[in-house]
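So the protein sequences, as listed, match chains A and B.
Okay, so the first sequence: first residue is 0 according to numbering that gives the first Met the number 0, each after it adds one.
Okay, so the second sequence: first residue is 0 according to numbering that gives the first Met the number 0, each after it adds one.
For every residue, glycine included, the Cβ atom is placed at its ideal position computed from N, Cα and C.
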Amino acid sequence: MKADFSGLGIRHVEPVGWVFAVMNFIFLLCAVGLGLFLVVESVPVLRSEGWGFWLGENWWVGETFGALPMICGSLIVTGLAIFLVLPVALSGALFTSEYLSSSIRRRVKGVMELLAGVPGIIYGLLGVSFLTAGVKDVLNLLDGNTLFTAGFLLAIMILPMVLTLSEDALHSVPSEFREASESLGLTKLQTALRVVLPQSLPGIVGAVLLGVGRAMGETIAVMLVIGSLDRVPGFNFFVSGQTIPSKLGREAAEALGSGLHWSALMGLGLTLFVMVAVLTFSGNLFIKRSSQ
Amino acid sequence: MRRYEGLWIGLVLFLLVVWGSPSNAATALRIQVVGSTTVLPVASRSAQKFMESSSSRILVNAGGSGVGIHSVAGGRADIGMASRGISLEEKKRFEKSHLKIHPVGLDAVACVVSSEIYESGIRQLTREQIAGIYLGEIRNWQEVGGPDRQIVVVDKERHRGTRHVFMQYIFGNASQRTPGTLLVTGSNNEEQAKIAQSDSAIGMLSFAWINDDVKALALLDRGKEILPTWETVRQGSYPIVRKLNFITAGEPKNEIKAFIDFVKGPEGQKIVAESGYIPIESSQP
């Protein structure tokens, strides 16, 4: 018996294909279900606050829910992390891929992949015990629990992942490209920057996007070092703030099953969901554009 | 197969641990205790003692007084821990749950500062000064007689019991907004750590969390200095005092009742005292 997927543009499916199809359906169900769940749960708060939910600056439980401080905090912290991580990750990836001998490269990659799997809480503990005090002393701040600290910590956290994935992208560029370029008289550096890097751009964008996703969603590490104060920080990154996940982490247990407060937290979740979705989508669009 | 040896040994050990762990967990009664980090030391130490002579398993988790009350009302916990009473709003919302309060001890909340500030000569503050600091009107320690250093104002999450009683005393309003705040913390441990890390912080902590890095200030009330000691608490002159409560939905039964009675009994009250609080009987005049 053969499954017929001709309506979906798929043909000749073996019986086991049905199993795969069901699995795929489960995945789709999860994705759609999650989105629907967030939308449905956040309807009450959106109904009572309207656009003010995203534009309001005050989050006073029982009175008004404004998510602007958390949205700004999330954007700033993630932006800072990417800004700090990009130069390091790209140059590290280029060096590992283009300059290291293959046996050393394999070891370096092993270490990076190991680091990439370390959970956020470990980084959070490091951050709360060393980084906050360090940031405070080095920058001579009033206190070390700031948006900058959180961004810096996230940069350290996503560095191994972005580095190793970008390196994969660089390394997968066929060696013919390098040989051709070097036979034309380009130096190794010129080859790396002008030939290999542009070729692997889609892969690198993908790596960075995964990093952004992890940074944006990190809860506990951020919660421990950010100061957890709900306010719109403006352009001063050296003050305490709040991100969407850290807010959720602080208040979820208290709000569970309690009407509008819970709905407001779900609204925050929805906002984060949409932010990550928009980012991924625009990243994909960029990859498509650049590969044409 | 040699290269997979470690993997196999690991797998076998893992399975042994999984199967070997006590399987009576399903049959024994589990009591979930959730809430205030102030009450937590009492509950977890008592639970340990209690389980020595009982088959039931008691799981104690932190979260804060608000979480404790919500969890027990929502049926997600058997006993809620709260370092404050049940607020009017909560009473109204959880009317159907018939929440019942079981006081197990007495605690006091101090206004605390970083040790550097304490050593620089600040030993006491008036209620108005503390209010000014939390409202953002007083921003430098100089204004209250300290060194020329900005004040790091540490607040707690709004549902925390410690914050309720502290703000009730300072402002007469348990959920007062504090625009002067610089950091918001959750548990007592977190606040203690943040104040200790800073050299110019002010905050609020239960007496049991005061140590060498985090010093308690005396309160100056109408020209009279009230020291933050158990002595003044016992005399009834220290103003920021609260009961440590266990909360159940309706009358507790069976094992849950046994555990609460244990904490209220002589052994439990000894643990209350060891944890740095005042046992419930000795506090009653």
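Using a Cβ-Cβ cut-off of 8 Å, state whether Q149(B) counts as contacting chain A.
yes
Paired residues, beta bridge with E224(B) - DSSP:
Checking the DSSP bridge columns, you'll see E224(B) partnered with L219(B).
Checking contacts by CB at 8 Å: is V213(B) closer than that to chain A?
Not closer than 8 Å to any Cβ of chain A, the Cβ of V213(B) fails to qualify, so no.
Whole angstroms is fine: what's the gap from K54(B)'s alpha carbon to L28(B)'s?
Residue identity check: residue 54(B) is Ser in the sequence provided, not Lys. Rounded to the nearest angstrom, the two C-alpha atoms are 7 Å apart.
Count the other C-beta atoms from every protein chain shown that fall within 10 angstroms of the C-beta of S174(A), then say buried if there are 16 or more, exposed otherwise.
Taking all protein chains in view, the Cβ of S174(A) is surrounded by fewer than 16 other Cβ atoms within 10 Å, so the residue is classified as exposed.
Could you tell me the distance, in whole angstroms, from the CA atom of Y133(B) to the CA atom of F94(A)?
52 Å
Anyone know if the C-beta pair for I81(A) and V275(A) falls short of 8 Å?
no
Check the C-beta distance from V232(B) over to V111(B) and give it rounded, since I have them as a contact under 8 Å.
Their Cβ separation, rounded to whole angstroms, is 16 Å, which puts V232(B) and V111(B) out of contact at 8 Å.
Beta strand (DSSP E) containing P201(A): first to last residue?
Element bounds for P201(A): not the beta strand (DSSP E) but the alpha helix (DSSP H), 200 to 216.
Hey, I270(B) and R75(B): beta-carbon distance below 8 Å or not?
no
Using a beta-carbon distance below 8 Å, is E97(A) in contact with chain B?
Answer no: the Cβ-Cβ gap between E97(A) and chain B never drops below 8 Å.
May I ask you to report which of helix, strand or coil DSSP gives K252(B)?
coil
Measure the Cβ-Cβ separation of G226(A) and V183(B) and say whether it is below 8 Å.
Going by beta carbons, G226(A) and V183(B) fall inside the 8 Å limit.
Which class does N60(B) belong to by DSSP, given the choice of helix, strand or coil?
It is a strand residue.
Restricting to Cα atoms, I'd like to know which of F258(B), F261(B), N210(B) is closest to G275(B).
N210(B)
Could you have a look at V42(A) and say whether DSSP puts it in helix, strand or coil?
Residue state for V42(A) is assigned as helix, using DSSP reduced to three classes.
Identify, in the order they occur along the chain, each residue of the same chain with its Cβ nearer than 6 Å to the Cβ of E142(B), setting aside the five sequence neighbours on each side.
none
Output, in sequence order along the chain, the residues in the stretch 116 to 139 of chain A whose CB is closer than 7 Å to any CB in chain B.
Residues T131, A132.
Rounded to a whole number of angstroms, what is the C-alpha to C-alpha distance between R138(B) and F26(A)?
Straight-line Cα distance between these residues: approximately 54 Å.
Have a look at V172(A), S182(A), K187(A), E217(A) and flag the residue whose alpha-carbon is nearest the alpha-carbon of F151(A).
E217(A)
Given that V183(B) touches chain A, what residues does it touch there, using C-beta distances under 9 Å?
G226, S227, L228, D229, S239, Q241, R249
In whole angstroms, what separates the C-alpha of L28(A) from that of H101(B)?
Between L28(A) and H101(B), the C-alpha separation is close to 46 Å.
Determine whether the beta carbon atoms of T37(B) and S82(B) lie at a separation below 8 Å.
yes
Where does R303(A) sit, in a helix, a strand or coil, going by DSSP?
Residue 303(A) is absent from the structure shown; chain A starts at 0 and stops at 291.
Closest residue to A132(A) among I121(A), N144(A), G248(A) (Cα-Cα distance)
When C-alpha distances from A132(A) are compared across I121(A), N144(A), G248(A), the shortest belongs to N144(A).
If you follow the alpha helix (DSSP H) that R105(A) is in, where does it begin and where does it stop?
101 to 115
8 Å contact criterion, which K204(B) and N187(B) should meet: CB distance rounded:
With the sequence shown as reference, residue 204(B) is identified as Leu, and Lys is not the correct amino acid for it. Right, their Cβ atoms sit about 6 Å apart.
Taking 8 Å as the threshold (C-beta atoms), are T242(A) and G72(A) in contact?
yes
Among the candidates N60(B), G202(B), F258(B), G235(B), whose CA atom is the shortest distance from the CA of Y117(B)?
G202(B)
Decide if the stretch 174 to 190 of chain A is in contact with the stretch 123 to 130 of chain A; the criterion is three or more beta carbon pairs, one per stretch, under 8 Å apart.
no
In chain B, which residues lie less than 7 Å from V60(A) when you measure between Cβ atoms?
Chain B residues near V60(A): R157.
Among V38(A), V238(A), E250(A), M222(A), which one has its Cα closest to the Cα of I120(A)?
M222(A)
L267(A) and L284(A) - do their beta-carbons sit closer together than 8 Å?
Result no, Cβ atoms of L284(A) and L267(A) do not sit closer than 8 Å.
Counting only runs of 4+ residues fully inside the stretch 133 to 198 of chain A, write out the alpha helix (DSSP H) ranges in chain order.
146 to 170, 174 to 182
Report all residues from its chain with a CB closer than 6 Å to the CB of N244(B); omit the five preceding and five following residues, and keep chain order.
A81, I100, P102
Taking C-beta pairs closer than 7 Å, name the residues in chain B that S257(A) reaches, listed in chain order.
H69
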